[in-house]
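Asks:
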Amino acid sequence: MKKSYIFLLASAVSLFTACSKKDDTTPTTNTNTELTATINGAQQVPSNNSTATGTFTGSYNSGTKQLTYVVTYQGMTPTIAHIHTGAPGIKGSVAIPFANLTSPITGTVTLAPEQADNILNNGMYVNIHSSAFSDGEIRGDIKKK
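Residues -18 to -1, 1 to 127 (mature numbering (1 follows the signal peptide of the UniProt record, and there is no 0)) are what the sequence shown spells out, left to right.
1. Helix, strand or coil: which one does DSSP assign to Glu119?
2. What is the residue span of the beta strand (DSSP E) that Ala24 lies within?
3. How many angstroms separate the CA atom of residue 131 from the CA atom of Gly45?
4. Among the candidates Ser85, Ala24, Thr92, Gln25, whose CA atom is the shortest distance from the CA of Val53?
5. At which residues does the alpha helix (DSSP H) containing Ala63 begin and terminate?
6. Count the CB pairs spanning the region 28 to 42 and the region 66 to 78 that are closer than 8 Å, and state whether there are at least three.
7. Buried or exposed: which applies to Ser112, given that a residue is buried once 16 or more other Cβ atoms fall within 10 Å of its Cβ?
8. With DSSP as the reference, label Leu17 as helix, strand or coil.
9. Within its chain, find whatever has a CB closer than 6 Å to the CB of Gln26; leave out the 5 residues flanking it on each side and keep chain order.
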């Protein structure tokens, strides 16, 4: 009788341990983070008096590592546009060039781990240049919605 209790107890412990282990084959959940920016001359470094404006809306998927975005602008003729790495008020380097300059500018790009970290922590911005403002006419610091 005593042996059957020990067997029953050992079986229960084994069952509990097996059920409490994390199943490493479970797929990770994809998290979408919504992003936004208001684009204007006031955010440009240094700021300027441009009346051009724009918006950035985007979504970053942590599972696929993809950023999908839409950039609109009005009141200017761009010569080049892209997403830079750089915190608000800081000039940075080009990270994601835009192939098309016609508003709305749309795209999907896979981000490197450092780029993902930057975009999720207010470390990237949209910059649209023109012939009147060759260093950038309007800028929008990208942040979580």
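Glycine residues also receive a C-beta, built at the ideal position from the N, C-alpha and C atoms. Because the structure is a prediction, the values reported are computed rather than measured.
Replies: The relevant details are as follows:
1. Locating residue 119 in the sequence shown gives position 137, counting from the first residue. Three-state result, Glu119: coil.
2. The residue you call residue 24 lines up with position 42 of the sequence shown. Run containing Ala24: none; DSSP gives neither H nor E here.
3. This structure leaves residue 131 out entirely; the chain is present only between -18 and 127.
4. Counting from one through the sequence shown, the residue named residue 53 turns up at place 71. Of Ser85, Ala24, Thr92, Gln25, the residue nearest in Cα terms is Ser85.
5. Within the sequence shown, residue 63 is the residue found at index 81, counting from 1. That residue, Ala63, is in no alpha helix (DSSP H); its beta strand (DSSP E) goes 60 to 67.
6. In short, these stretches do not touch, since the Cβ pair count stays below three.
7. To locate residue 112, count along the sequence shown from 1; it is residue 130. Answer is buried; the Cβ neighbour count reaches 16.
8. Sequence index remark: in the sequence shown, residue 17 carries index 35 (1-based). Leu17: strand per DSSP, three-state reduction.
9. Locating residue 26 in the sequence shown gives position 44, counting from the first residue. Answer for Gln26: Gly118, Arg121, listed in chain order.
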